[in-house]
Each structure stands twice: as structure tokens, then as C-alpha cells.
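Student: Quick one: structure below, then a few questions.
Numbering (my numbering), first residue to last: 381 to 586.
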């Protein structure tokens, strides 16, 4: 089965952000990470990943409590951070290349509390006047909701434990680490799903 067929012509892309707060219009993006997925041996697996250290946009702010939580100094030169616009354009370009390679039309943003990340990405794209957003305008796949249904808990660390996925609290709140375990959680849920391949051949009007 091809990835495009399993998700109706859309490409699931796992994304995680580290931010300077919870307001997508006013708080800074500090890290972006994405994990691609692939079909292998008739199962969904995490594939290549990408990460960007982001220099906070001058029109945004950062809450000290957020920095205490994620443990990142956004202005540390050792991070090699780039401008928000540069990071986001490269992220979008990387996803569009993957879309083309998989013959998909748009990407589904897969994330743990996905609307949080989706809103930040859309706000940053607007702030930097970046078009050609590869993500679906309003549809996301939220692993917090899926975990609540499948494992009875929406917290990522607990959901991973119940799914048999190792979770290291010391590595949490790194965009790449959180995206990686979210990808593992999503793949576990998809692979356990009772999906009928015959559905692919059915005509759909939506």
C-alpha cells in the first residue's frame, strides 16, 4: 500500500514546536522539527527527520516560564539558530519535495495537541508573508485525541508508556525528541487500526 492511498492523497507529516508561550500570534517559535513516515513491510514507520533552531522573531515575545520548561536559551550562539522566515521556508520546501515524491496534494500536520502547532505555523507564515503552506488548511491529526481513545490517556509520556514506547522525561521538550516519539505513537496507532484496504477502491465524493 502506498502512503498516498492510506491517507486519501494526503501526506502525514509529524511536526513539533518548542515555543516561548502558548499564544500563536505573540509568542516566539524556538524550534521546529518534522518527521516523515513511510510504508515498509506493510506497516507505517518513522523515516527521515529534520530540525531547525529558530531565532525568535523580533515581533514576538518569550515567557520565562516557557524557557524554564523547555530548558533552551534561544539566543545561545551554539544553537546555530536562523531567522524564523528562513527556517519556515526551508521547512515548507522540504515538505513540498516529499509531497511530490509521494504524489500527494497536501500534508496533514500530525502532532500531539496538533492544533497548537498548526496555529503557530499558520501565524508564523502570515507574519513572514510566506505562501504555499503545504499543510491542509484546517484538518490535522491529533495524537493526543487518538491516544485518549486508544489508551485512555492524552498525556504523551503516559500514552507512550501504555503503547509500549520508551519515553525519556529528560529528553522531553526538545522538538526533535517529541516529534520522534509522537511519530512512534502515531505509527503504533495506525498499524493497530482495523483498516480495510478495499476502502481505497471505493469512490468518494469528499
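Even glycine gets a Cβ: it sits at the ideal position worked out from N, Cα and C. Fair warning: this is a prediction, and the values are worked out from it, not measured in the lab.
1) By DSSP, does residue 395 sit in helix, in strand, or in coil?
2) In whole angstroms, what separates the C-alpha of residue 453 from that of residue 581?
3) So the beta strand (DSSP E) residue 515 belongs to, where does it begin and stop?
4) Measuring CA to CA, which of 527, 550 and 511 is closest to residue 543?
5) With residue 535 as the anchor, note down where its beta strand (DSSP E) starts and where it stops.
6) Can you tell me whether residue 398 is buried or exposed, with buried defined as 16 or more other CB within 10 angstroms of its CB?
7) For residue 575, I'd like the list of residues in its chain whose CB is within less than 7 Å of its CB, leaving aside the five on either flank, ordered along the chain.
8) Let me check one thing: in DSSP terms, what residues is residue 430 bridge-paired to?
9) Tell whether a beta-carbon distance below 7 Å holds between residue 524 and residue 493.
10) Quick one: using the 10 Å Cβ neighbour count with 16 as the cut-off for buried, is residue 390 buried or exposed?
Tutor: On the basis of the data shown:
1) Of the three classes helix, strand and coil, the one that applies to residue 395 here is strand, per DSSP.
2) Just so you know, the alpha carbons of residue 453 and residue 581 end up roughly 51 Å apart.
3) From DSSP, the beta strand (DSSP E) with residue 515 extends over 515-522.
4) Taking the Cα of residue 543 as reference, the smallest distance to any Cα among 527, 550 and 511 is reached at 527.
5) Taken as a continuous stretch (DSSP letters only), residue 535 belongs to no beta strand (DSSP E), as it is neither H nor E.
6) Buried: at least 16 other Cβ atoms inside 10 Å.
7) Take residue 575, set aside five residues on each side of it, and no residue of its chain has a beta-carbon closer than 7 Å to its own.
8) For residue 430, which the question treats as bridged, DSSP gives the partners 414.
9) Inclusion of residue 524 and residue 493 in the CB contact set at 7 Å is warranted, their separation being smaller than that value.
10) It counts as buried.
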